[in-house]
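Start counting at 1 in the sequence shown, then tack on 61, and there's your number in our numbering.
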Amino acid sequence: MLTPERSGPGSVAYDVAGLAGMLRRDLRGAVADDRGTRALYAADGSNYRAVPDLVVVPADAEDLAAAVALTAAAGAPVVMRGGGTSMAGNAIGGVVIDASRHVNRILGIDTSARTAVVEPGVVLTDLLAAAKPHGLAFGADPSSASRATLGGMIANNACGAHSVAWGTTADNLRSLDVILADATRLTFDSGTANASAAALAELGARPGREGELHRALQAFAGRNELLIRRRFGQFTRQISGYALHRLLPEYGYNVAGLLAGSEGGLAATLRATLQLVELPKAKVLCVLGFADSITSADCVPVVLRHAPLTLESINNELVDRLPTEVRDAAVHAGLPGGNAWLLVEIAGDDEATAASAARAMLEELRDSGATASLVTDPKAQAVLWRCRTDAAGLATRRADGAEAWGGWEDAAVPPERLGAYLRGLDELLGRHGLSGASYGHFGEGCMHMRIDFDLLSPQGIATYREFVEQAADLVVELGGSVSGEHGDGRARGELLSRMYGADGVALLGELKRIWDPAGVLNPGMIVDPPRLDVAIRHDGPAKDRRMLTIFDYPDDGHEFAQAQRRCVGIGKCRQSSGSVMCPSYQVTRDELHSTRGRAHLLWEMLQGDLITDGWRSTEVRDGLDLCLSCKGCLSDCPVNVDVATYKAEFTHHHYARRPWARPLSHWSMGWLPLWSRLASRAPRLANRFAGLPLTKRLGGIAAERDVPPFAPETLTHWFTHRGTSPTTGSPSGSAPADGSPGGGSGRGGSADGSGDGSGDGGRRVVLWPDTFTNYLAPEIGQAAVAVLEAAGYEVVLPAKPVCCGLTWISTGQLTTARRVLNRSLRVLAPHLQAGTPIVGLEPSCTAAFRHDAPALLAGNPLAASAAANIRTFSELLVESGWQPPYVGGAAFVQPHCHQHAVLGFDADRKLMEAAGIEAGLADPGCCGLAGNFGFERDHYKISAAIGERTLLPAVRSLPETTTVLADGFSCRTQIAQATPRHPHHLAQLLAEALPDPPRPPE
């Protein structure tokens, strides 16, 4: 059956089912035509949506070549895809071939020739990491380096911060191995030697398609030399269109350079040989502050005279959106006063030489009115660079929460005209009532920008089109380019006629036909483009869905649909290191298991044309299955996509009125607080029962897991029966008759929180008896009581059984979670009304109060009060000014994911420093257990793989003298079950160092 290509430019008919069958027969990689996979790949980092007919994930480079050849031979559109971060919309639709998952080997680094040979799926940070020990790097380094693939960088001719010194991707290519639409495989070298008459003749004389192609290219360049020289290659960031000037003699007939920036429309890359650059021996970072971006742009020509390695720009609208701790760290690292900043990196043979060169630049800028700081510490430089690298995500929301979009985010003009461009752009924005946060590569006249376009209504889209056309005219008037590195794609292809004129655009079409006569390689990109206001992703049913939800989504206009527009596809969740987000992607490398993939599936559920079952969707369920609910995306994603909350919401609705359909683990571990309370009445019997293979099987628990034993005595029972306080000798409160969580004060205070809140012994604090501490690790609570009392606090417990509802939240049993939380808040009400702080020992439970409870109980003021009053153990002690006892020694610390995402770690760091503990943090990442996730039968292997990625090997390699610290119960359990080490809570270390430490439980 002939099926029209449904989503790409134009209308191409081909036998989709037949092609799918052929690909499955001849390839070793995956070929998918299911709705879920097609939905995953329907969007990239742009404003556009184009549903592919097929998605191919080749097993290796040979598989990739076969996929291209077979797809092209069938007359189907071939759309190569790397990280899928294109902001131009040029990696969607047709038959998507994803090279990132398997075709990603670094084949070699030649240190003497300073070259690297890579496959197209290699992520730039992986190449940089491999090259760095040799003192080498790749010159083009976009801020998306942690997920940008070299194939995608070649397709778009990516640039980055250092391109002002080291050039674009095209400038750093030695050769490309490619496959053409007709399955011909060729190698193209770069270099001026190719421009000699003899060399050109030799290329043209080669047999077959290779010689024919070279003869056609040489004739094309000769015929159109004058027009090419006048219109193309006018400045470094003229990326739009094809780089026709690279065929001219003065550019060495550089065919490899021509292919860079062709957006996959001329050939598909199979292998690339890259030129590497030497890393500078030393570098300093000079940060210049200005009153506004225009003033900073006017100073760019002065800075360029000093040969900087980078000349990057950010403004206060972005800095103000950084997380508070990052913004404060940036100021501490050297961010000077101002509303706009230039980040200028200067190199030298040593730090003194680099600093001297920077001071010479500052002297020339003395009358500019700029504030300045000179930063030499590499760690401080990294903090300041984060302000720039996170800009693409931060700019997607205005400070007031309004949405902002790309579409006009990549224009460039010659640097000396940048100030004029910004002035004209400000006037244009004002005329249309628009605003935007800008950042970019000012050293090359390229400014990135997200603008608060209304892309949800016909009138808003019409305004978008009008603005973009007028902005393009402004850029052309200044001799600029509508794209400075992101490519043209759907976003800017239509504007090329304004930039190059009809005769220039005709040249682009002629070149395309030389390479790809059938027009099957990424059709519609650069040549014959669609209208830029067609296929806008959010111009559809999803925006109008009004879902009845349990969570409130206060930062998204109280709308689930708006929350699903947070993800703009920049793909930071696809990085393989340096982040908690996203642990399951880091071990599977599957788009389905990335934060972006899950967010896209949820959005597609709202759109409703591919995923049609709404909350009952099995595609969405399966996409969320490997989400650990670690909340890493809440903090690590620049736009704070919160998949843990979305998963809880979806799971609640998916199983609504179908409790029998829930996984067994939802009953065994989702109801852990209840089972723990029952087990506390006969813990020895409960432990014997829980360890039985049948029990694990009925509870959906992995056979490989040891079920943590219930303690002989709960924390609450110990607290109310402990006799006299070990630190003060004051009497304790009474215990409930049934041994359930009860009230009482070790310092004589009333359990209901009445009284003046000070008691006889000092300030009162409520110690939260979370399920994990109370029933499974009461020794941690005992240690915390000792430390808090030593710090002068009167410790009380809640008067009745309480729970934060975490296990019900994480398993999507939100009605129960609400009921449990409401009941607990009523118990806490006297304490909250008295302003008594509540201290949590388990980070996940503390984070539930601070983050989940206000959104789950939006109408309950007690939830907001609890969120404001809850403190981590370290926060309380640091805020009190207490001087802890000296502990000393080295500690290896694994922060809990929820602490990383919601609570922060600064207080822990300060408390450990005050105690003389030399704390070394584990590489950022989840332990892999994540509450119920790692205990579940179907998740054990993934859980173990996540732990083995960095954490567990690091723990095994530690000296015996290094203490392992992990405040989270899940983290301690994963480490204890997979290594010989037994981790501690920070409260235990401090308690042991007290003059009269608490006795260990018998």
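All residues carry an ideal CB built from backbone N, CA and C; glycine is no exception. Quick caveat: nothing in here was measured; it's all calculated off a predicted structure.
Is any heavy atom of the ligand GTP found at a distance shorter than 7 Å from the C-beta of A104? Questions concerning the ligand GTP fall outside what the structure shown contains, since it holds no ligand whatsoever.
For L1050 and V827, I'd like the C-alpha separation in whole angstroms. The alpha-carbon atoms of L1050 and V827 are separated by roughly 21 Å.
Reducing DSSP to helix, strand and coil, say where A952 ends up. Here A952 sits in strand by DSSP.
What residues in its chain sit with their C-beta under 7 Å from that of A852, if we drop five residues either side in the sequence? L938, S941 and W943
Would P1044 and L1026 qualify as a contact pair, given that the criterion is a beta-carbon distance under 8 Å? yes
Meets three-Cβ-pair contact criterion under 8 Å: the region 554–566 and the region 487–501: no
Check whether the region 281–292 and the region 304–313 are in contact - that is, three or more C-beta pairs closer than 8 Å. yes
Per DSSP, what kind of secondary structure is C502 in: helix, strand or coil? For the sequence presented, residue 502 should be read as His rather than Cys. In this structure, H502 counts as strand in the three-state DSSP scheme.
So, for A919: in the same chain, excluding its five sequence neighbours on each side, which residues have a beta-carbon less than 6 Å away from its beta-carbon? D613
Residue burial classification, A78 (beta-carbon count within 10 angstroms, cutoff 16): exposed
Mapping DSSP to helix, strand and coil, what is G497? strand
With DSSP as the reference, label A198 as helix, strand or coil. Reduced to three states, the DSSP call for A198 is strand.
CB contact flag (I289, L319, <8 Å): Contact: no.
Less than 6 Å between C-beta atoms, sequence neighbours within five positions excluded: which residues of the same chain meet that for Q636? S207 and R208
Between which two residues does the beta strand (DSSP E) carrying I522 extend? Careful: I522 lies outside any beta strand (DSSP E), inside the alpha helix (DSSP H) at P519 to E538.
Closest Cα partner of V768 within the set S726, T775 and D159: S726
In chain order, each alpha helix (DSSP H) run of at least 4 residues that lies wholly inside the region 324–362: For the region 324–362, whole alpha helix (DSSP H) runs of length 4 or above, ordered along the chain, are 354–359.
Can you give me the Cβ contacts of P802 inside the same chain, cut-off strictly under 8 Å, excluding the 5 residues immediately before and after it? Low local confidence applies: a pLDDT of 34 at P802 is under 50, so the model's placement there is unreliable, with the coordinate-based value given in what follows. Same-chain partners within the cutoff: R738, T775, T777, P830, N835, L858, P859, K861, P862 and V863.
Own chain partners of L115 with C-beta closer than 6 Å, once the 5 adjacent residues on each side are dropped: A81, D94 and V156
Can you look up Y854 in the DSSP assignment and give me helix, strand or coil? strand
Which of the three DSSP states, helix, strand or coil, is assigned to S638? coil
To the nearest angstrom, how far is it from the Cα of A845 to the Cα of T876? Roughly 32 Å separates the two Cα atoms.
Does DSSP put I289 in a helix, a strand or coil? In this structure, I289 counts as helix in the three-state DSSP scheme.
Pick out whichever of G97, H961 and R142 has its Cα sitting closest to the Cα of C698. H961
Specify whether the region 685–692 and the region 982–998 touch according to this definition: at least 3 beta carbon pairs, one from each stretch, less than 8 Å apart. yes
Is T673 helix, strand or coil by DSSP? coil
Check whether the Cβ atoms of R677 and E464 sit closer than 8 Å, and answer yes or no. Not in contact: R677 and E464 (Cβ atoms no closer than 8 Å).
Could you tell me the distance, in whole angstroms, from the CA atom of V361 to the CA atom of A418? 16 Å
Opposing strand residues paired with Y716 [DSSP bridges]: According to DSSP, Y716 bridges with nothing at all.
C-alpha gap between A622 and K604, whole angstroms: When rounded, the distance between both Cα atoms is 6 Å.
Who are N376's beta bridge partners in DSSP? A401
Under 8 Å between the Cβ atoms of A226 and L445? Result no, Cβ atoms of A226 and L445 do not sit closer than 8 Å.
As assigned by DSSP and simplified to three states, the class of G1029: Coil, per DSSP.
Which same chain residues end up closer than 6 Å to P956 when comparing Cβ atoms and leaving out the 5 residues on each side of it in sequence? F966
Does DSSP put W732 in a helix, a strand or coil? coil
Once DSSP output is grouped into helix, strand and coil, what is the label at R742? The DSSP-derived three-state label of R742 is coil.
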